[in-house]
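Protein chains: 2
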Amino acid sequence: MSKTPSNPKGTRDFLPSNLSKRNYILDVIKKNFLLFGFLEIETPALEKNSTLLGKYGNEGDRLIFKILNSGEKVKKANISAFQANNLSEFTNSISEKGLRYDLTVPLARFVAQHQNDLIFPFKRFQIQNVWRADRPQHGRFQEFTQCDADIIGTNSILQEIELIKLYDTIFSELGFNDIIFKINHRGILNALANYIGIVDKLTDFISIIDKIDKIGLNKVIDELNEIIDRSSVSKLTSLLGKEKISIKKLKILFKESIEGVKGIEEINTIMEFICENNCINNEIEFDLTLARGLNYYTGTIIEVTSKSNNAIGSLGGGGRYDDLTSFFNLKNMSGVGISFGLDRIFLQMEEQKMFPEHLDNNFDIIVINFGISYIKKLYPLIDSLRKEGKKIDIYPDEVKLNKQFSYANKHNVNYAIIMGENEFKKNQVVIKNMIDGSQSNYSIEEVNSLLF
Amino acid sequence: MSKTPSNPKGTRDFLPSNLSKRNYILDVIKKNFLLFGFLEIETPALEKNSTLLGKYGNEGDRLIFKILNSGEKVKKANISAFQANNLSEFTNSISEKGLRYDLTVPLARFVAQHQNDLIFPFKRFQIQNVWRADRPQHGRFQEFTQCDADIIGTNSILQEIELIKLYDTIFSELGFNDIIFKINHRGILNALANYIGIVDKLTDFISIIDKIDKIGLNKVIDELNEIIDRSSVSKLTSLLGKEKISIKKLKILFKESIEGVKGIEEINTIMEFICENNCINNEIEFDLTLARGLNYYTGTIIEVTSKSNNAIGSLGGGGRYDDLTSFFNLKNMSGVGISFGLDRIFLQMEEQKMFPEHLDNNFDIIVINFGISYIKKLYPLIDSLRKEGKKIDIYPDEVKLNKQFSYANKHNVNYAIIMGENEFKKNQVVIKNMIDGSQSNYSIEEVNSLLF
Numbered sequence: 315m316s317k318t319p320s321n322p323k324g325t326r327d328f329l330p331s332n333l334s335k336r337n338y339i340l341d342v343i344k345k346n347f348l349l350f351g352f353l354e355i356e357t358p359a360l361e362k363n364s365t366l367l368g369k370y371g372n373e374g375d376r377l378i379f380k381i382l383n384s385g386e387k388v389k390k391a392n393i394s395a396f397q398a399n400n401l402s403e404f405t406n407s408i409s410e411k412g413l414r415y416d417l418t419v420p421l422a423r424f425v426a427q428h429q430n431d432l433i434f435p436f437k438r439f440q441i442q443n444v445w446r447a448d449r450p451q452h453g454r455f456q457e458f459t460q461c462d463a464d465i466i467g468t469n470s471i472l473q474e475i476e477l478i479k480l481y482d483t484i485f486s487e488l489g490f491n492d493i494i495f496k497i498n499h500r501g502i503l504n505a506l507a508n509y510i511g512i513v514d515k516l517t518d519f520i521s522i523i524d525k526i527d528k529i530g531l532n533k534v535i536d537e538l539n540e541i542i543d544r545s546s547v548s549k550l551t552s553l554l555g556k557e558k559i560s561i562k563k564l565k566i567l568f569k570e571s572i573e574g575v576k577g578i579e580e581i582n583t584i585m586e587f588i589c590e591n592n593c594i595n596n597e598i599e600f601d602l603t604l605a606r607g608l609n610y611y612t613g614t615i616i617e618v619t620s621k622s623n624n625a626i627g628s629l630g631g632g633g634r635y636d637d638l639t640s641f642f643n644l645k646n647m648s649g650v651g652i653s654f655g656l657d658r659i660f661l662q663m664e665e666q667k668m669f670p671e672h673l674d675n676n677f678d679i680i681v682i683n684f685g686i687s688y689i690k691k692l693y694p695l696i697d698s699l700r701k702e703g704k705k706i707d708i709y710p711d712e713v714k715l716n717k718q719f720s721y722a723n724k725h726n727v728n729y730a731i732i733m734g735e736n737e738f739k740k741n742q743v744v745i746k747n748m749i750d751g752s753q754s755n756y757s758i759e760e761v762n763s764l765l766f
Numbered sequence: 315m316s317k318t319p320s321n322p323k324g325t326r327d328f329l330p331s332n333l334s335k336r337n338y339i340l341d342v343i344k345k346n347f348l349l350f351g352f353l354e355i356e357t358p359a360l361e362k363n364s365t366l367l368g369k370y371g372n373e374g375d376r377l378i379f380k381i382l383n384s385g386e387k388v389k390k391a392n393i394s395a396f397q398a399n400n401l402s403e404f405t406n407s408i409s410e411k412g413l414r415y416d417l418t419v420p421l422a423r424f425v426a427q428h429q430n431d432l433i434f435p436f437k438r439f440q441i442q443n444v445w446r447a448d449r450p451q452h453g454r455f456q457e458f459t460q461c462d463a464d465i466i467g468t469n470s471i472l473q474e475i476e477l478i479k480l481y482d483t484i485f486s487e488l489g490f491n492d493i494i495f496k497i498n499h500r501g502i503l504n505a506l507a508n509y510i511g512i513v514d515k516l517t518d519f520i521s522i523i524d525k526i527d528k529i530g531l532n533k534v535i536d537e538l539n540e541i542i543d544r545s546s547v548s549k550l551t552s553l554l555g556k557e558k559i560s561i562k563k564l565k566i567l568f569k570e571s572i573e574g575v576k577g578i579e580e581i582n583t584i585m586e587f588i589c590e591n592n593c594i595n596n597e598i599e600f601d602l603t604l605a606r607g608l609n610y611y612t613g614t615i616i617e618v619t620s621k622s623n624n625a626i627g628s629l630g631g632g633g634r635y636d637d638l639t640s641f642f643n644l645k646n647m648s649g650v651g652i653s654f655g656l657d658r659i660f661l662q663m664e665e666q667k668m669f670p671e672h673l674d675n676n677f678d679i680i681v682i683n684f685g686i687s688y689i690k691k692l693y694p695l696i697d698s699l700r701k702e703g704k705k706i707d708i709y710p711d712e713v714k715l716n717k718q719f720s721y722a723n724k725h726n727v728n729y730a731i732i733m734g735e736n737e738f739k740k741n742q743v744v745i746k747n748m749i750d751g752s753q754s755n756y757s758i759e760e761v762n763s764l765l766f
């Protein structure tokens, strides 16, 4: 125990200055979730392995933190599986639970489990941590916060519109005015795959196209050349090559595809509603190359990018999934949802100094401590100011003034209440403005929250 | 996957109706933490086993959820330790991290680790979940929320006073008026043990005395008879037997004990400050039998009990600990803190119907859906009402009216905005009061938040 202790790699301690900024973002998100009629739920950090495994692909399964069975249960370890190098069977013999990997599978589990107690269509939001056993590296954490809003049990396109409006409201309130909401539709991507004749390679196609923002069109074409023939690629590049293709033109190209037509109609409805109503402060744009990797999406997909900070990646994303709860035997529950990339939003706001200044003030007023009898006399005043909403710290100890003021300055406090011997006798206090150094005397009775 | 899925035993899903009540309690707690100058921190759910183990006694170590090392690291399993039935060595070979067991040890780790970045005295609060591999049973959970406020780095008795005032402010705001804050002091308990001649059995003595509220004085005496001699027990019963002993009388009895005298002085200072100032709405009481099991306490101890609901146990507790950070090599950091028993507070508030009624309203206004063109026309109004702070849900689908109203009633919505074909033509809406059924027509321009 001689070394300095530390938190595990890939995890973070949040000191007050950082946490108040994170909470500022989360408060804006949460307030608007509620204004849009979403209700909050929470699920446990621990889920059964049977709930988690098989939902995120092999790579995902590997990244789930598994909890060791406790006490005597460890005795059931399957040693022969271990010796046969069958690690997953060995693991299964000593672990029944794991840590939540995202908020989507727990939502599907929650909806299936509590379907009789929920009001459908079910609009929920959830802001909780998730854990992934990724290799810790700069900007990638093993424990991080997800903020999701979803509507389950309706295929109404109004939900997509409300979610984009919700995104815009939140990003606007946080001070972002350079956001582009990119939208596309899985039905359109399917029609595209059909049009260029690569329906059998749809998943690969989507995962390659998904990288276009990171690696650029040319490298995407190189990769596509490896899995599809030259004529398909050239059909594709003619669509993607020059300026962005319009929805109108696609409507003609994909007119034979039922899901393509449906996708285009839905995108049209969204765009018309939002643009004709002049609904949003930021921009919305149809982007045929937007794919989003997750394979549970079936309809509209959406991604939030910042024009001024493309390198940071998307600040959020979401889409429609028609069949997520069927993992848990609940059919016909179309869902659509969005998610906020809290860490990236924080990073951009920090870089561009977008946080309000008042977050730097840890509290409003410091009461200088001349001894407990002085504090006793001031205590009714302190009480009433707190009741009026002033954040007040009393310096804990009776120590030299400069030490107390230095503490106050480190906390960016605006005002000090000072009652020394003279003031004590006269039932007065000095209120000192810690910013400009000015100060005035008041009788105790005169002091109220308006002076600060 | 044919069975209905479920969350693990001992964990909980929170549905919106419960969560909004839990959050109401947490919001009141958090607001007052901030008003009293406490700053929020967060630590990761995952801590190194080296941080966690050895801090909570053998029983505690057993109850820590351990995380299985991921990927290839499992190959380092110490099979010979397993075969020799040395389960803890086996466990250590496949686990390096565990889940946070409380917020106190992580706080000590945090303060030692970040001592150069913190402002001392350090006043922090923390509201996060903790995990314990207890046997799941009614009212005891494996995952639950702790809410702690602590001050580290001062031995000023003013902190105890502020913490009691903070407790009282929070419980009063939540509607409790039957609370007794019981206080005692470890110095006084030590003097007591000295007085009855059982200093060598102090830990056992404290853990037995601690049970007095649960099992009563007679059973406590039975248990004490097993570890100490009859004359000590009778000396003790003469102190505890009749009405509660006064601080004044103890001052005489314990005058030879330095720590007894110090303890009595501190309790006196607290009681005088609070009672002479008429500081609190609830009651405070010195209780010589209050012990609090945790062995890191060294000074004042405090417990929150409800007169009307003794069976529920304490609603919170805390105390002073002089040496917690020395686990992590940081000496001379006296700390004092309190904690809130969220689940018990919730239970009592639920039983006694103490939650404000407005928590039942999931949102303020429902917009009845007659089709997307109607919603499009209403959208600027919806937008401006949300900006004025009204929580509005638009019914997702264009379905029969009674289905939409039934949804609204299940959500306890107060008002509906209705625009049917007639209203659409006249640029009007109907606002229907969902409580009394009354309704009126307004032009769209007339509608503002004051109507609701």
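As given, the protein sequences belong to chains A and B, one line each in that order. 707 is the number that our numbering gives to position 393 of the first sequence; each next residue is one higher, with no gaps. 730 is the number that our numbering gives to position 416 of the second sequence; each next residue is one higher, with no gaps. Note that CB positions come from ideal geometry on N, CA and C, so glycine has one too.
Closest option to PHE379/B, judged by alpha-carbon separation, among LEU353/B, LYS533/B, GLU410/B: GLU410/B. When secondary structure is reduced to three states using DSSP, ASN755/B falls in the strand class.
Taking C-alpha positions only, VAL575/A is separated from ILE581/A by approximately 10 Å. Residue-level contact check: LEU472/A touches chain B, since one or more beta carbons of chain B fall below 9 Å from its beta carbon. At the C-beta level, ILE561/B and PHE600/B come within 9 Å of one another.
For the 9 Å CB-CB criterion, PHE766/A and TYR729/A form a contact.
Under the Cβ criterion of 9 Å, ILE408/B is counted among the residues facing chain A. A Cβ-Cβ separation of about 5 Å places SER470/B in contact with ASP711/A under the 8 Å criterion. Look at GLY607/A here: in three-state DSSP terms it is coil, with no helix or strand label. Nearest to GLY630/B by C-alpha distance, out of ILE466/B, PHE587/B, LEU349/B, LEU656/B, is LEU656/B.
LEU692/A is positioned such that its CB atom lies no closer than 9 Å to that of MET663/A. Annotation for TYR729/B: the continuous beta strand (DSSP E) segment containing it runs 729–732. The C-alpha of ASN372/A lies about 35 Å from the C-alpha of LEU417/B. Runs of the beta strand (DSSP E) spanning 3 or more residues and lying entirely within the stretch 572–626 of chain B occur at 597–600, 614–620, in chain order. Three or more beta-carbon pairs drawn from the stretch 424–434 of chain A and the stretch 641–652 of chain A are found closer than 8 Å, and the two stretches are therefore classed as touching. Taking CB atoms only, LYS479/B has a neighbour in chain A less than 9 Å away. Secondary structure within the stretch 407–495 of chain A: the beta strand (DSSP E) runs of 3 or more consecutive residues, fully enclosed, are 411–413, 436–445, 457–466 (chain order). LEU695/A is the residue among ILE659/A, ILE749/A, LEU695/A whose C-alpha sits nearest the C-alpha of GLN742/A. Within 9 Å of the CB of CYS461/B, no CB atom of chain A is found; the nearest one sits about 15 Å away. Leaving aside the five residues that flank GLY489/A on each side, the residues in its chain whose CB is nearer than 6 Å to its CB run, in chain order, MET668. The three-state secondary structure of ILE679/B, taken from DSSP, is strand.
Taking a contact to require three or more Cβ pairs closer than 8 Å, the stretch 702–718 of chain B and the stretch 674–681 of chain B qualify as touching. For ASP707/A, the pairing in a beta bridge is given by DSSP as ILE680/A. Just measuring C-alpha positions, the residue of GLU476/B, ILE475/B, VAL419/B sitting nearest GLN460/B is VAL419/B. In this structure, PHE568/B and ILE578/B form a Cβ contact; the two beta carbons are roughly 7 Å apart against a cut-off of 8 Å.
If you look at VAL744/B, you'll find it in the beta strand (DSSP E) that goes 742–747.
Counting every other CB atom within 10 Å of its CB across the protein chains shown gives LYS479/B a total of 16 or more, marking it as buried. Here GLN718/A is buried: its Cβ has 16 or more other Cβ atoms, across all protein chains shown, within 10 Å. Under DSSP, GLU354/B forms a beta bridge with PHE439/B. Chain-ordered listing is empty here: chain B has no CB closer than 9 Å to the CB of VAL618/A, the nearest sitting near 20 Å. Using a Cβ distance threshold of 9 Å, GLU702/A and ASN762/A count as a contacting pair. Boundaries for GLY501/B: no beta strand (DSSP E) harbours it, while the alpha helix (DSSP H) harbouring it runs 500–509, taken from the DSSP string. When the Cα atoms are used, GLU476/A and THR468/A turn out to be separated by approximately 13 Å. With its beta carbon less than 9 Å from one in chain B, PHE424/A belongs to the interface.
Between the alpha carbons of GLY651/A and ASP514/A lies a distance of about 28 Å.
The alpha-carbon of SER552/A is positioned some 27 Å away from that of SER620/A.
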